[in-house]
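Below is one structure, written out as C-alpha cells, with a few remarks after it.
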Amino acid sequence: MSREEMLAHVATHAGYHRGEVGRILTRLTGSSPPDTFTGFLHQAEPARRARNA
Numbered sequence: 135m136s137r138e139e140m141l142a143h144v145a146t147h148a149g150y151h152r153g154e155v156g157r158i159l160t161r162l163t164g165s166s167p168p169d170t171f172t173g174f175l176h177q178a179e180p181a182r183r184a185r186n187a
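The working numbering applies: residue 135 is where the sequence shown begins, and numbers increase by one.
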C-alpha cells in the first residue's frame with residue numbers, strides 16, 4: 135500500500151467499526167443511541183436549539 139492508501143484506510147476504518155456497533159446495538163435493544171455530537175447536544179441541551187432559531 136502507498137502512504138496515501140494507508141492514510142485513507144486509517145481515516146475510514148473507524149467508521150466501519152462505528153457503524154457495526156450501531157447495527158449490533160439496534161439488533162440487541164431495538165434502537166441505538168445517537169452516535170453523533172449533534173445527536174448528543176440535541177438530547178443534552180434541548181433549549182440550545184430554541185436559542186439559535
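For every residue, glycine included, the Cβ atom is placed at its ideal position computed from N, Cα and C.
This one's a predicted model, so the numbers in the text were calculated from it and none came from an experiment.
| Asked | Found |
| --- | --- |
| Measure the CB-CB distance between Asp-169 and Arg-183 and report whether it falls below 9 Å. | no |
| Specify the secondary structure class of Met-135 as computed by DSSP and reduced to three states. | coil |
| Return the chain-ordered list of same chain residues with a C-beta closer than 6 Å to the C-beta of Thr-160, the five sequence neighbours on each side being excluded. | Ser-166 |
| Alpha carbon to alpha carbon, how far is Leu-141 from His-147? | 10 Å |
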